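Protein chains in written order, with the UniProt record's numbering: chain A, 1 to 261; chain B, 1 to 320.
Even for Gly, the Cβ is constructed at its ideal location relative to N, Cα and C.
All figures in this text were calculated on a predicted structure; none of them were measured in a lab.
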Amino acid sequence: MSLRIVVTVKYVPDATGDRHFADDLTVDRDDVDGLLSELDEYAVEQALQIAEGADDAEVTVLTVGPEDAKDALRKALSMGADKAIHVEDDDLHGTDIIGTSLVLAKAIEKAGYDLVISGMASTDGTAGVVPALLAERLGVPQVTLLSEVSVEDGTVKGRRDGDTASEQLEASLPAVVSVTDQSGEARYPSFKGIMAAKKKPVESWDLSDLEIEAEEVGLEGAYTAVDTAAERPARTAGTIVKDEGEGGKQLAEFLASQKFI
Amino acid sequence: MAEVLVYVDHVDGAVRKPTLELLTLARRIGEPVAVALGSGAENTAAALAEHGAVKVLTHDAAEYADYLVVPKVDALQAAYEAVSPAAVLVPSSAEGKEIAARLAVRIGSGIITDAVDLEAGDEGPVATQSVFAASFTTKSRVIKGTPVITVKPNSAAVEAAPAAGAVEALSVSFSEKATGTKVTARTPRESTGRPELTEAAIVVSGGRGVNGAENFAIIEALADSLGAAVGASRAAVDAGWYPHTNQVGQTGKSVSPQLYIASGISGAIQHRAGMQTSKTIVAINKDAEAPIFDLVDYGVVGDLFEVVPQLTEEVKARKG
Ligand SMILES: Cc1cc2nc3c(=O)[nH]c(=O)nc-3n(C[C@H](O)[C@H](O)[C@H](O)COP(=O)(O)OP(=O)(O)OC[C@H]3O[C@@H](n4cnc5c(N)ncnc54)[C@H](O)[C@@H]3O)c2cc1C
Ligand SMILES: Cc1cc2nc3c(=O)[nH]c(=O)nc-3n(C[C@H](O)[C@H](O)[C@H](O)COP(=O)(O)OP(=O)(O)OC[C@H]3O[C@@H](n4cnc5c(N)ncnc54)[C@H](O)[C@@H]3O)c2cc1C
């Protein structure tokens, strides 16, 4: 029996670049290079490992994003995924969390799946809720924020390290999983992988392929509105001293002056 | 006055501080009605009433502990239907965000995650978010449905405001999906006796410069002299020197204490994402060019093995 794995991957502005907002208060994608959200590399890695351990499995990577988002798909394909789906439509500009989860869920259903694997959070929006929303919309179990994951005999098991406890989770497939950056280092694409990726199929779907109306998504369909975005004022330059034997004492003096001691 | 649902984060009836902060914020937009679920739910009532809850809706069932997230969504939805609130506020823990998000789709509402402040506006609550590793501050609103907003710890000072806090039993019928994800084992985290990292007024963190698990003792000693929580960079965590639960940053905890002391941490963007909103920032680093110094109110360029123990002694001496 074949195992169909869909990995959701997001194309995001490089966090080490100078990220900011465009005039319509959406993310400015022209000014900063984009890449596959680093936290989604962990999702691709776990998908590949699960596929390698299965008799017959196929890994499809899925992104919702503009033209350039193909770069994120290529990276995932070069790591070893089998095929890719790109949902692209001008009307998607400005889609919020609710809209994004709708588009992803419809695309996952159309693709067909036994297991969905997502990252723990994107590195731009960082909400960390899309996987739970996919489970809600698809009507399947969520097995999220796993630092360890395995799939066997139609059951997914994993460890979720929470604030107050560490939990062992278990659910039957189909299910939605999300993995943390503790789940295991992601592999680097090999030269062979990069060359092979060029030949792998990338399907493009638009909103009509998913039977979604334009007014359900994008800025127009958004459930949230951003009214203002202001750059945080630069911190006023602090006092910096060089330790010449009294650094700890000087620091204590500062802390006392600020009433911390 | 409009009612505002506040989801209660508690451990066996002990209400965690972010929920008390939420009650303070909730009072700006309406009358807080608290929802407390699971073992010890009724024991939360006194603390919640003390901080402004006019009503406390409680429910306990084995499902809350035995299955992941969905039973709590079912219950919060039941509370939502019973109350018809003007907004739903949930603490921004990993689980809190998942509960809030699933509720939002079910009730046809938008969601704002990780708010750091909340005000009443002409068109409903206005949430402040601190985004792109805290380099931008945005103000947003939910414009469809009932606003569902998750709020980060340390977003408001806790204020007492005694209210009735009448306990009412919430009636919940679990959905078919509630039992989809089994929790087959649970290992509670051992308490260190130190304050909770996300709630602490002072956080003392160590990074790669600490150079070994055993050396974290000097970070802990400084933390203990100040009554602080201990944090760590991902480099220190990945090296196995300190538990992952103490990691500060994008994929760790985000902290916003009165005072953050970074020792042997360079200040990478992903680390800054978790601590840049701290009120006062102090760093000790032997490299004068380390990016962390761009953030500091006070920095010492020096060897942490000299500076930190000297600071600890001095703090102890001054505290007598
Ligand atoms: C700074 C900032 C703040 C925002 N705040 C809000 C807000 O409060 N409310 C709101 O409704 N929207 C918000 N948005 C928009 C929101 O981030 C996007 O709609 C986004 O696509 C979904 O949320 P996320 O990126 O936070 O995803 P997360 O929930 O953090 O992502 C988790 C996982 O979901 C998958 N995923 C997410 N997006 C995609 C995608 N487009 N394609 C494929 N896989 C994906 C990935 O596997 C990812 O690892 C914000 C955006 C930004 C940049
Ligand atoms: C997707 C993603 C998510 C990430 N999430 C996080 C996160 O949540 N948290 C996080 O912290 N990082 C995170 N990182 C990693 C981050 O990019 C940095 O690698 C990490 O923060 C570096 O940790 P560090 O500052 O301890 O180490 P380094 O960058 O190696 O810095 C060590 C510092 O210690 C100083 N030093 C050395 N010896 C001494 C001494 N004796 N006395 C004084 N100073 C000394 C050095 O000068 C140096 O500045 C993430 C990365 C990615 C890609």
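- Any Cβ of chain B closer than 8 angstroms to the Cβ of A/L39 would place that residue at the interface, and such an atom is present.
- Beta-bridge pairing by DSSP links B/R186 to A/E167.
- A/G99 is a Cβ neighbour of A/G221, given a cutoff of 8 angstroms.
- Secondary structure at B/Y80: helix, using DSSP grouped into helix, strand and coil.
- With contacts defined by Cβ atoms closer than 8 angstroms, A/S122 and A/S37 form a contacting pair.
- Its Cα nearest to that of B/A75, the residue B/R102 stands out among B/S93, B/A86, B/R102, B/P91.
- Inclusion of A/G119 and A/D68 in the CB contact set at 8 angstroms is not warranted, their separation being larger than that value.
- Inclusion of B/T150 and B/G96 in the CB contact set at 8 angstroms is warranted, their separation being smaller than that value.
- Under the Cβ criterion of 8 angstroms, B/Q250 is counted among the residues facing chain A.
- Bridge partners of B/H51 according to DSSP: none are assigned.
- By the CB criterion at 8 angstroms, B/P153 and B/K17 fall inside the cutoff.
- Annotation: Cβ neighbours of A/R232 in chain B (cutoff 7 angstroms, chain order): A134, S135, F136, T137.
- Residue contact with chain A for B/D74: absent (no Cβ-Cβ distance below 8 angstroms to any residue of chain A).
- A distance below 8 angstroms separates the beta carbons of A/V61 and A/A81.
- Annotation for B/G299: the continuous beta strand (DSSP E) segment containing it runs 298-301.
- Each residue's CA atom was taken as its position, placing A/S150 and A/S178 some 12 angstroms apart.
- A distance criterion of 7 angstroms places the beta-carbon of A/I98 in contact range of ligand 1, judged by its closest non-hydrogen atom.
- Against chain B, a Cβ distance below 7 angstroms from A/E45 picks out nothing, because the smallest value is about 15 angstroms.
- Residue contact check for B/E81 against chain A: no CB pair falls below 8 angstroms.
- The beta carbon of A/I261 sits closer than 6 angstroms to those of L255, all from its chain and outside the five residues before and after it, given in chain order.
- Of all residues in the segment 158-186 of chain B, only K177, G180, T181, K182, V183, T184, A185, R186 come within less than 8 angstroms of chain A when Cβ atoms are compared, listed by chain position.
- Using a CB distance below 9 angstroms, the part of the segment 237-250 of chain A facing chain B consists of A237, G238, T239, I240, V241, K242, D243, E244, G245, E246, G247, G248, K249, Q250, ordered along the chain.
- Placement of the Cβ of A/P131 at a distance of less than 7 angstroms from at least one heavy atom of ligand 1 is found.
- Assignment of beta strand (DSSP E) within the segment 146-216 of chain B, counting only whole runs of 3 or more residues, yields 148-151, 166-169, 182-188, 202-206 in chain order.
- For the options A/A57, A/V7, A/L134, A/A105, the alpha carbon positioned closest to that of A/A76 is the one of A/V7.
- Below the 7 angstroms Cβ cutoff, chain B contributes G180, T181 as neighbours of A/P141, in chain order.
- In its chain, beyond the 5 residues on either side, I97 have a beta carbon closer than 7 angstroms to the beta carbon of A/V129.
- At a cut-off of 8 angstroms between beta-carbon atoms, B/Y298 makes contact with chain A.
- Residues with their Cβ less than 5 angstroms from any non-hydrogen atom of ligand 2, running along the chain, are A/E38, B/G207, B/R208, B/G209, B/S233, B/R234, B/A235, B/G249, B/Q250, B/T251, B/G252, B/G264, B/I265, B/S266, B/A268, B/Q270, B/H271, B/N285, B/K286, B/D287, B/A290, B/D303, B/L304.
- The C-beta distance from A/R235 to B/L295 rounds to 6 angstroms, short enough to fall under 8 angstroms.
- Taking a beta-carbon distance threshold of 8 angstroms, A/T228 counts as an interface residue toward chain B.
- Listed along chain B, the residues sitting closer than 9 angstroms to A/A15 by beta-carbon distance are F132, A133, Q250, I269, Q270, A273.
- Looking from the CA of B/A79, the closest CA among B/A65, B/A100, B/A62, B/A232 belongs to B/A100.
- DSSP places B/P125 outside both helix and strand once states are collapsed to three, so it counts as coil.
- Each residue's CA atom was taken as its position, placing B/K182 and B/K319 some 49 angstroms apart.
- Distance from the Cα of A/K242 is smallest, within the candidate group B/V307, B/D117, B/S93, for B/V307.
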